[in-house]
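Position 5 of the sequence shown, counting from 1, maps to -11 under my numbering, and the rest follow consecutively.
Notes follow once the structure below has been shown.
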Amino acid sequence: MAKKLPGLTRRAPGVTDAAPSAPRTKAGKPRPQQTAPRTEDARHVEGVILPPETGENMLTERLAEARIIVERSANWAIVGGAVPIPVIDAIAISAMQLAMLNELSTNYNVPFERNRGKAVISALVGGAIPYLAAVGISGMLMKAMPVVGWAAGITTAALLGGATTRAIGNVFIQHFEAGGTFLDFDPVATRDYFHQEFRKAKRS
-15 MAKKLPGLTR RAPGVTDAAP SAPRTKAGKP RPQQTAPRTE DARHVEGVIL PPETGENMLT
45 ERLAEARIIV ERSANWAIVG GAVPIPVIDA IAISAMQLAM LNELSTNYNV PFERNRGKAV
105 ISALVGGAIP YLAAVGISGM LMKAMPVVGW AAGITTAALL GGATTRAIGN VFIQHFEAGG
165 TFLDFDPVAT RDYFHQEFRK AKRS
C-alpha cells in the first residue's frame, strides 16, 4: 500500500485557493466597504475659496505677514509725515506706500506694477475721499507757520500719513486675498472700503 506523506495533498491542475469572501451581515448580505473620508475639493476660509493644495496654515501665515507689512509701513509713514519740510513729507509718505505695495505683491506672488501702483495710490487718496487732500495740504501749510502751527502741522501730516497708508494696505490685502492683481484693481469699486478703513485707522 502506498503511504501518504503527512501535510501533503494533491490538487487537480488549474485549481487555486478561493479568494476570501467579503464579510456578511446576519441577514447574509455583504457589508458595505468603508472608504476613507474625502476632503473637499476647495476650502472656504474668510470669504476666499482656496484650491485643495492650499492649506489653512498657509493662508494664516500669509495674511499675518501681510498685516505686519501694513503696520510696519504705516509706522514709517508716520515718521515720514513728521518731516518738518513741506512737500518733502508727502514725497516720503508716497514712497513708503509704494514700497508697501511692493512688499504685499511679493507676499502674494503678484507681479508688481510700479506705475500702476502710483496711479492707484493717487486715485485712492485723492479720489475716494476728496477732503483728504485738503486735510493733507492744510497740514503742510501749517508747518510753515512758526512754533504752534509748525507743531500742529507735523502732528496732522504724521497722523494723516499713517492712516492713509494703513487704509491702502488693508484694501490691497482684501484684493490680493480674493486673487486680484494690480491690473484688475478698481479704485472706484473699493472707494467705500477705503473710506471705512481710513476712519478706523484714524481712531486707532
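Idealized CB from N, CA, C, for every residue including glycine.
All of these numbers come straight from a predicted model, not from anything done at the bench.
Between the C-alpha atoms of residue 45 and residue 65, what's the straight-line distance to the nearest angstrom?
Roughly 30 Å separates the two Cα atoms.
Can you check whether the CB of residue 85 is closer than 8 Å to the CB of residue 155?
Contact: no.
Taking 8 Å as the threshold, find out whether the segment 166 to 181 comes into contact with the segment 46 to 60 through three or more Cβ pairs.
No: fewer than three Cβ pairs fall under 8 Å.
Neighbourhood of residue 167 by C-beta distance below 8 Å, restricted to the same chain and skipping five residues each side
Closer than 8 Å at Cβ, skipping near neighbours: 97 and 100.
Kindly list the residues whose CB is nearer than 8 Å to the CB of residue 19, restricted to its own chain and excluding five residues on each side of it in sequence; keep chain order.
With a pLDDT of only 48 at residue 19, under the threshold of 50, the placement of this residue in the model should not be trusted, and no figure is reported.
Counted within 10 angstroms of its Cβ, other Cβ atoms place residue 184 as buried (16 or more) or exposed
Exposed.
Do residue 161 and residue 88 have their C-beta atoms within less than 8 Å of each other?
For the pair residue 161 and residue 88, the CB atoms are not nearer than the 8 Å cut-off.
Quick check: is any heavy atom of the ligand ADP less than 7 Å from the C-beta of residue 99?
As presented, the structure is devoid of all ligands, the ligand ADP included, so that no description of it is given.
Is the beta carbon of residue 78 closer than 8 Å to that of residue 105?
Yes, Cβ-Cβ distance for residue 105 and residue 78 is below 8 Å.
Limits of the unbroken alpha helix (DSSP H) element including residue 181
Following the DSSP letters along the chain, one finds residue 181 inside the alpha helix (DSSP H) bounded by residues 175 to 187.
Count the other CB atoms, across all protein chains shown, that sit within 10 Å of the CB of residue 81; report buried if there are 16 or more and exposed otherwise.
Looking at its Cβ environment, which holds 16 or more other Cβ atoms inside 10 Å, residue 81 is buried.
Alpha carbon to alpha carbon, how far is residue 165 from residue 27? Give it in angstroms, no decimals.
Summary for residue 27: the model assigns pLDDT 43, below 50, so the residue's position carries little reliability; its value from the coordinates is reported in the next sentence. It is roughly 21 Å from the alpha-carbon of residue 27 to the alpha-carbon of residue 165.
Return the CA-CA distance between residue 147 and residue 186, expressed in angstroms with no decimal places.
Rounded to whole angstroms, the gap between the alpha carbons of residue 147 and residue 186 is 6 Å.
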